[in-house]
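*Asks:*
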Amino acid sequence: MIPSGTDAFTDDTLQQLARLLAERRGADPATSYVAGLLAGGEDAILKKIAEETAEVLLAGKAADPAALVHEVADLWFHTLVLLAARELGPQPVLDELRRRLGRSGLDEKAARLRK
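This note's numbering numbers the first residue of the sequence shown as 2 and each following residue consecutively.
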């Protein structure tokens, strides 16, 4: 449930993170976790995303909501690193989610299958 007064699409936290990731692109990998991940290439980033995905699945099976939130935040962060590696920010993803608002998931799936 989204708390009242919260609009996920106007919250600029993702944009702030994207700017931070762009800044870290040129940082020293020895002193910046993000620079180190980016220097490791997409395979290193994808491996980290796979690890974080597994942790989300495990947290999803557990009864601790705080652990789930923590792991989802880790997963979102690392997917933002992947977007940054491809010189993308979160906006195209937010635009795609906005496009899907109000559209049935079943209709969306059927449209993909027709292609």
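We put the CB at the ideal spot given by N, CA and C, even for glycine. Computed from a predicted structure; not experimentally measured.
Could you check if residue 48 is buried or exposed, using at least 16 other CB atoms within 10 Å of its CB as the buried criterion?
*Replies:* As a working note, residue 48 is residue 47 in the sequence shown. Burial call: exposed.
*Asks:* Hey, how far is the Cα of residue 66 from the Cα of residue 43?
*Replies:* Translated into positions along the sequence shown, residue 66 becomes position 65. Translated into positions along the sequence shown, residue 43 becomes position 42. The alpha-carbon atoms of residue 66 and residue 43 are separated by roughly 30 angstroms.
*Asks:* At what residues does the alpha helix (DSSP H) containing residue 14 begin and finish?
*Replies:* Along the sequence shown, one-based indexing puts residue 14 at 13. Residues 14-25.
*Asks:* Any idea what DSSP makes of residue 41, helix, strand or coil?
*Replies:* Stepping through the sequence shown from its first residue, residue 41 is reached at position 40. Coil, per DSSP.
*Asks:* Mind listing, in chain order, the continuous alpha helix (DSSP H) runs of no fewer than 4 residues lying wholly within the stretch 41-71?
*Replies:* Entirely contained in the stretch 41-71, the alpha helix (DSSP H) runs reaching 4 residues are, in chain order, 42-62.
*Asks:* Given residue 33, which residues of its chain have a CB within under 6 angstroms of its CB, disregarding the five upstream and five downstream residues?
*Replies:* By 1-based counting over the sequence shown, the position of residue 33 is 32. Excluding positions up to five away in sequence, the list reads 25.
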